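Read top to bottom, the protein sequences are chains A and B. Heads up, the first sequence stops at 508 in the numbering used here, and the numbers go up one at a time, no gaps. Heads up, the second sequence stops at 1016 in the numbering used here, and the numbers go up one at a time, no gaps. What follows is a set of notes on a single structure, which appears directly below.
There are 2 protein chains.
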Amino acid sequence: MAFTFQVNSDKFIHDEKLLAKAESFRPTIHKAAVKPVRLLDPEREISRLGEYGLKRDDRIILDFGRHIVGKFSVDIAKTGSPQDAPLFMRIKFAEMPAELQAESSDYQGWLSRSWIQEEFIHLDELPARLELPRRYSFRYVEIKIIDTSPKWQAVFTNPQAVAESSADYSKLRKPEIADDLLSRIYDAGVTTLAECMQDVFEDGPKRDRRLWLGDLRLQALANYATFDNIDLVKRCLYLFAGMTTEEGKISANVFTRPENTPDDTFLYEYSLFFVSTLYDLNNSHPDPELVRELYPVCKRQVDLTLKMFDAEGRLMTDENYPVFVDWSNDFAKDTAGQAETIYVLKQFIALAEITGESGIESYREALSKIAGYAREKLYDPSRKLFVAGNGEYNIASQVWMVLAHVMSDDENREILRTMIRELFPVKGIATPYMYHCIAEALFEGGLKDEAVKLMKDYWGKMLELGADTFWEAFDPDKPEYSPYGSPIVNSYCHAWSCTPVYLISKYL
Amino acid sequence: MAFTFQVNSDKFIHDEKLLAKAESFRPTIHKAAVKPVRLLDPEREISRLGEYGLKRDDRIILDFGRHIVGKFSVDIAKTGSPQDAPLFMRIKFAEMPAELQAESSDYQGWLSRSWIQEEFIHLDELPARLELPRRYSFRYVEIKIIDTSPKWQAVFTNPQAVAESSADYSKLRKPEIADDLLSRIYDAGVTTLAECMQDVFEDGPKRDRRLWLGDLRLQALANYATFDNIDLVKRCLYLFAGMTTEEGKISANVFTRPENTPDDTFLYEYSLFFVSTLYDLNNSHPDPELVRELYPVCKRQVDLTLKMFDAEGRLMTDENYPVFVDWSNDFAKDTAGQAETIYVLKQFIALAEITGESGIESYREALSKIAGYAREKLYDPSRKLFVAGNGEYNIASQVWMVLAHVMSDDENREILRTMIRELFPVKGIATPYMYHCIAEALFEGGLKDEAVKLMKDYWGKMLELGADTFWEAFDPDKPEYSPYGSPIVNSYCHAWSCTPVYLISKYL
């Protein structure tokens, strides 16, 4: 796994008309008060919380019994002699217990330490109600007393969280799912999606808390199957459309606080997935007017993309505009990128047809050439597998070629069977994002049982490990794995892992 | 050096009438904006502060050029790519540079870690103006970036302190002091006093930030010679008088936030110094009405004290009501305590005479007996020194017997000369509080040159070491000495060290 920070100097335009539309679709944030249900310390009871006087190095861990995105407050008093020193304490928020065991001082990862959810608080005067102003993503809250004084102890009462989400549970339509494990996977997927539904579809409410296009595509699909909040998808599409580079390129993610700002990070297929997200929205809730309005933005992405293909129809990858596919950089991505382009080009042509635009013949020709190159040069009929530019046969190439329906249904099924036989079990892929693609390809290729098995093995394993929500990264062979070297900055509620709700609804 | 935390269960009365008077004398807090004058890093200039982009582990140290008690604020922006992570930083406040070199994680002292003046701050959205709500005591502010992200840096502009004090410099009357060092000692003493003048006379604005009676006595004396804020002294007297134990004992210190609360700590002569403080106030600004009002409180302290003397007139010390004299517990304090009682009894009788109370003959008799015991049993005419109960000849015994004028002026001078010859240089005493007593005894005994030498050697040495204000603890033989094992919790601006302004005004 590796990740390279991009720093680019592109100039961006702000289309105020589109951004005003994004603003008009800003969602209501629903808030709900939540109380902790127990203390993790087996010797202490939550009902007796106010009886415990805590001194230097004492700690309590509140368990709210569910994942929460929101704010925390608690009443703090003292017992003993008058308060002859400030109270100094650390408050740590954790989605999973593993985070509580990690000490921030040990963290040496490349990702910013600032994501560690812990605060150091001085209170000069007790009693006080502590209301932390920041939003956290957590189920557990550890309060550690760094110091009182030898003369008095701190006492905590009325801990409370206010959970925030723009997901409206009254709109949720859960299908009947006979299989218990699949049903539980579905539920955790719904929670994961809901927790990421905030002012935008966030990728992770703990970290990075912003709108990524690759995540948005999957969140939107999961959303149509559950909360069906169309306005929130529109808001996100307008945000991307309203802030492109001067040449029209969409960045991989945007910030909305303190003001709308596009990031200077670009990923090849993330730009293209703007097309997919619009296509999926229109599929789910046909809206030709919206398609016509945003079609020029789609076209610009496709035009920029097609410049990267050579005369034969082969994708010439550019490390400054990388094909993502998955976090892993341990496999060749050019063939997968070629397939993603085909996948999107088909959707783009369908959108163009809706707009009634003439002159899209050139795009049909481009699709034909690019798909033809894939079939003729990248498919190895002797192996029944697609090959990457470096001669490598990897899962990602097969998966995306199947999703793009480059070959016939029968050939796709054969490719997938070969993949399962020769390339499974999955190795070196640790994101639910890529696992989603594998599962969907299996469904698309008609291998439903294999798809269900993969879902149960992967998402089911997270549940087995205590997940309330699905994770940003998970390698079933290395359950402790963190791309950052420590669980303390892992995101245990991450949008791109919510897709079982979509897969189950669509294929089962 | 040692300090024992007292935890007592005495019940206290709150005399609302007296506390209302305390409230009526609550001072105005004067506020003044202060800008830093330089950066401690020689390679950086304060005028170019806004040009420095700071990333993980970078730090800047602002030097405000003077001691400040107050609040801190600064504008924070970012430079580089969009802010893709919170800013996390540590802000450390220091009265002396030595505090900046000490790491809080290394601190293992018995005093609460919560006094360490450092905050850990997350800012999710930049730009922002950071306005820290707590009050600090500092000249230096170190800002250390714990993390940004690899894509952007933090930029600081417009750092500002708002200094707070109830001292009114327009009232200050500095005498002409020809000697440069004494003049500088005077100035630092004034600053020390002013910085401790807040809502009450605090002992130290960094730590413990409350009203101690032993410190109040000295602050009040220094105050009459400088800012002459009579109301603030009255406020403090009413606070002590308004919150005694049910048997009438005054505690060693009181808290005024969040509400008026007496501490459950009692020191023998601190209770008695209520008498001294009222006596000194009336000496400075005669107010027979106030004397009459507070006389019963004085009498109660004296009555409680006299119960601790045996039939011969000897103080039977009680470890639950310890004689303080100095922080050191390495010398016997009974003879000094006997002397302090004589010192206060004389003042009490003078106050009683003002009230016109009859029936104070018994107090005159008690004084006579206690002073007689001192002269006959505790004075060793062969050595020309007072001896403590354990046979020890120590400085504190001589000093307090001279201050109490137990012997004649000639004998006092002889005692002091013997003390200088046999017991000097001072060893094992590290508080300006006790050094003040030594200096004052030398002045009282007519040894002006020796007193000046002591002042220059002791307070002058602090100036030489870079003091802007005088310290809670200082041992000239061990300049690095901290009673807490680390300078990080030392109070470098401590009320009981401000007395050179009083000594110079009174004796020079």
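Virtual Cβ for every residue (Gly too), placed ideally from N, Cα, C. These numbers come from a predicted model, not from an experiment.
Could you please give me the residues that DSSP links to P262 (chain A) through a beta bridge?
Here the question's residue 262 (chain A) lines up with position 262 in the first sequence. In the DSSP output, where bridge partners are listed per residue, P262 (chain A) has A:V254.
At a Cβ threshold of 9 Å, is K659 (chain B) touching chain A?
Residue numbering aside, residue 659 (chain B) sits at position 151 when the second sequence is read from its first letter. At least one chain A Cβ lies under 9 Å of K659 (chain B).
Between which two residues does the beta strand (DSSP E) harbouring T665 (chain B) extend?
Residue 665 (chain B) sits at position 157 when you count from the first residue of the second sequence. Start and end: 660-673.
Using CA coordinates, which residue listed in B:Y648, B:G993, B:C1006 is at the minimum distance from Y615 (chain B)?
For the purposes of this step, residue 615 (chain B) is identified with residue 107 of the second sequence, where counting begins at 1. Distance check between Y615 (chain B) and each of B:Y648, B:G993, B:C1006 places B:G993 closest, using alpha-carbon atoms only.
Three or more beta-carbon pairs under 8 Å between the stretch 515-525 of chain B and the stretch 745-760 of chain B, yes or no?
Yes, they touch.
Whether M334 (chain A) touches A404 (chain A) by CB criterion (9 Å):
Looking up residue 334 (chain A) in the first sequence gives position 334. Looking up residue 404 (chain A) in the first sequence gives position 404. Just to set this straight, residue 334 (chain A) is Asp in the shown sequence, not Met. Against a cut-off of 9 Å, the Cβ pair of A404 (chain A) and D334 (chain A) comes out as no contact.
Just the Cα atoms here: how many angstroms apart are G598 (chain B) and Y881 (chain B)?
Position 90 of the second sequence, counting from 1, holds the residue named residue 598 (chain B). Position 373 of the second sequence, counting from 1, holds the residue named residue 881 (chain B). As written in the sequence, residue 598 (chain B) is Arg, which differs from the Gly given in the question. Looking at the two C-alpha atoms, the distance is approximately 59 Å.
Inter-residue CB distance, D57 (chain A) and F156 (chain A) (contact presumed, cutoff 8 Å):
For the purposes of this step, residue 57 (chain A) is taken as the residue at position 57 of the first sequence. For the purposes of this step, residue 156 (chain A) is taken as the residue at position 156 of the first sequence. Taking the Cβ atoms as the reference, D57 (chain A) lies roughly 16 Å from F156 (chain A), outside the contact range of under 8 Å.
With DSSP collapsed to three states, give me the class of V190 (chain A).
As a working note, residue 190 (chain A) is residue 190 in the first sequence. If DSSP states are grouped into helix, strand and coil, V190 (chain A) belongs with the helices.
Comparing C-alpha positions only, which one of A:M407, A:S271, A:Y279 sits nearest to E353 (chain A)?
Here residue 353 (chain A) is taken as the residue at index 353 of the first sequence, counted from 1. Measuring C-alpha to C-alpha distances from E353 (chain A) to each of A:M407, A:S271, A:Y279 identifies A:Y279 as the nearest.
Around the Cβ of R681 (chain B), are there at least 16 other Cβ atoms within 10 angstroms (buried) or fewer (exposed)?
If you number the second sequence from 1, residue 681 (chain B) lands on position 173. The C-beta of R681 (chain B) has fewer than 16 other C-beta atoms within 10 Å across all chains shown, which makes the residue exposed.
Taking 8 Å as the limit between beta carbons, can you name the residues of its chain near K854 (chain B), skipping five residues before and five after?
On the second sequence, position 346 is the one that residue 854 (chain B) refers to. Taken in chain order, the residues that qualify are L875, A912, H913.
Work out the CA separation of I438 (chain A) and W570 (chain A) for me, nearest whole Å.
This structure gives no information on residue 570 (chain A), because the portion of chain A shown stretches from 1 to 508.
Please state whether DSSP places V69 (chain A) in a helix, a strand or coil.
Start at 1 with the first residue of the first sequence, and residue 69 (chain A) comes out as number 69. V69 (chain A): strand per DSSP, three-state reduction.
Applying the criterion that 16 or more other CB atoms from any shown protein chain within 10 Å of the CB defines a buried residue, is W618 (chain B) buried or exposed?
For the purposes of this step, residue 618 (chain B) is identified with residue 110 of the second sequence, where counting begins at 1. If you draw a 10 Å sphere on the C-beta of W618 (chain B), you find fewer than 16 other C-beta atoms in it, and that means exposed.
Go ahead and pull the three-state DSSP assignment for L54 (chain A).
As a position in the first sequence, residue 54 (chain A) is number 54, starting the count at 1. Shown here, L54 (chain A) sits in a strand according to DSSP, grouped into three states.
Using a beta-carbon distance below 9 Å, is W115 (chain A) in contact with chain B?
For the purposes of this step, residue 115 (chain A) is identified with residue 115 of the first sequence, where counting begins at 1. At least one chain B Cβ lies under 9 Å of W115 (chain A).
Cα-Cα separation, T863 (chain B) to E626 (chain B)
Mapped onto the second sequence, residue 863 (chain B) falls at position 355. Mapped onto the second sequence, residue 626 (chain B) falls at position 118. If I take the Cα positions, the gap works out to 51 Å.
Contacting residues, own chain, Cβ-Cβ under 7 Å from A332 (chain A) (five flanking each side not counted)
Position 332 of the first sequence holds residue 332 (chain A). The beta carbon of A332 (chain A) lies closer than 7 Å to those of A388, G389, N390, E392, N394 in the same chain, with the five residues before and after it left out.
Per-residue burial, H575 (chain B) [other beta carbons within 10 Å of its own, 16 or more giving buried]
Walking along the second sequence from the start, residue 575 (chain B) turns up at place 67. Buried: at least 16 other Cβ atoms inside 10 Å.
What residues of chain A sit near L595 (chain B), judged by a beta carbon separation below 7 Å?
Here residue 595 (chain B) is taken as the residue at index 87 of the second sequence, counted from 1. Going along chain A in sequence order, the residues near L595 (chain B) (Cβ under 7 Å) are S114.
Test: Q706 (chain B) CB closer than 9 Å to a CB of chain A
Indexing the second sequence from 1 puts residue 706 (chain B) at position 198. Closer than 9 Å: no.
Within the same chain, show all residues whose beta-carbon is closer than 6 Å to that of T926 (chain B), passing over the 5 residues directly before and after it, in chain order.
Your numbering for residue 926 (chain B) matches position 418 in the second sequence. Once the five neighbours on either side are set aside, the close Cβ partners of T926 (chain B) are K892, L893.
Under 8 Å from the C-beta of H122 (chain A): neighbouring residues of chain B
Here residue 122 (chain A) refers to the residue found at position 122 when the first sequence is read from its first residue. Within chain B, the residues near H122 (chain A) are S622, E627, R642.
In the DSSP assignment, what residue or residues form a beta bridge with K986 (chain B)?
The residue labelled residue 986 (chain B) in the question sits at position 478 within the second sequence. Partner(s): B:D983.
DSSP on S915 (chain B), reduced to helix/strand/coil?
Position 407 of the second sequence, counting from 1, holds the residue named residue 915 (chain B). For the record, residue 915 (chain B) in the displayed sequence is Met; it is not Ser. Residue state, collapsed to three classes: coil.
Could you tell me whether the stretch 729-739 of chain B touches the stretch 768-780 of chain B, where touching means 3 or more Cβ pairs closer than 8 Å?
Contact fails: fewer than three Cβ-Cβ distances are below 8 Å.
Determine which residues share a DSSP beta bridge with G80 (chain A) and list them.
As a position in the first sequence, residue 80 (chain A) is number 80, starting the count at 1. For G80 (chain A), which the question treats as bridged, DSSP gives the partners A:W152.
Let me know if V515 (chain B) comes out buried or exposed under the rule of 16 or more other beta-carbons within 10 Å of its beta-carbon.
The residue labelled residue 515 (chain B) in the question sits at position 7 within the second sequence. By the 10 Å Cβ count, V515 (chain B) comes out exposed.
Give the DSSP-derived three-state secondary structure of K171 (chain A) in the structure shown.
Indexing the first sequence from 1 puts residue 171 (chain A) at position 171. Residue state, collapsed to three classes: helix.
Which residue wins for smallest C-alpha separation from P483 (chain A), given the options A:D326, A:Q338, A:E440?
By 1-based counting over the first sequence, the position of residue 483 (chain A) is 483. Of the candidates A:D326, A:Q338, A:E440, the one whose C-alpha sits nearest the C-alpha of P483 (chain A) is A:D326.
Contact criterion: CB-CB distance below 9 Å. Does S183 (chain A) meet it with respect to chain B?
By one-based count along the first sequence, residue 183 (chain A) stands at place 183. Chain B, which has no Cβ nearer than 9 Å to the Cβ of S183 (chain A), makes this no.
Is the beta carbon of G590 (chain A) sitting closer than 9 Å to the one on A222 (chain A)?
The structure shown has nothing for residue 590 (chain A), since chain A only spans 1 to 508.
Hey, S596 (chain B) and D655 (chain B) are a contact pair by Cβ (cut 8 Å); roughly how many whole angstroms apart?
Position 88 of the second sequence, counting from 1, holds the residue named residue 596 (chain B). Position 147 of the second sequence, counting from 1, holds the residue named residue 655 (chain B). The residue asked about is misnamed: residue 596 (chain B) is Phe in this sequence, not Ser. F596 (chain B) to D655 (chain B), Cβ: 5 Å. Contact.
What residue from B:N998, B:A593, B:S1013 has the CA that sits closest to R717 (chain B)'s CA?
Taking the first residue of the second sequence as 1, we reach residue 717 (chain B) at position 209. Comparing C-alpha distances from R717 (chain B) to each of B:N998, B:A593, B:S1013 shows the shortest one belongs to B:N998.
May I ask you to list, following chain order, the residues of the stretch 249-269 of chain A that have a beta carbon less than 7 Å from some beta carbon of chain B?
Cβ contacts with chain B: F255, R257, P258, T261, D263, D264.
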